[in-house]
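The next block holds one structure in the form of structure tokens; read it before the comments.
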Amino acid sequence: MIYELRIYHCAPGRLPALNKRFETITLKFWEKYGIKPVGFWTTLIGQSNQALTYMLQWESLAQREAI
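Taking the working numbering, the leading residue of the sequence shown gets 2, the next gets one more, and so forth.
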């Protein structure tokens, strides 16, 4: 099992739109192709408060590369 941590850094004020895109478009796309999200996080305080952090789960590097 492999876990991949990804971080999107948004322009100020764009985080709500990114969250909405993940909710309405990206998660459906991932489900279709077998990409498994583990969780999503945002930072409330500090310099990274415009970042969306999320983690994906892969069975192997081969699966990650194939998808």
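Beta carbons: idealized from backbone N, C-alpha and C, even for Gly.
- R7: member of the beta strand (DSSP E) spanning 3-10, first to last residue.
- Note that the C-beta distance between Y9 and L57 is not below 8 angstroms.
- In the structure shown, Q51 adopts coil according to DSSP, grouped into three states.
- With contact defined as three or more Cβ pairs closer than 8 angstroms, the segment 4-23 and the segment 36-52 are in contact.
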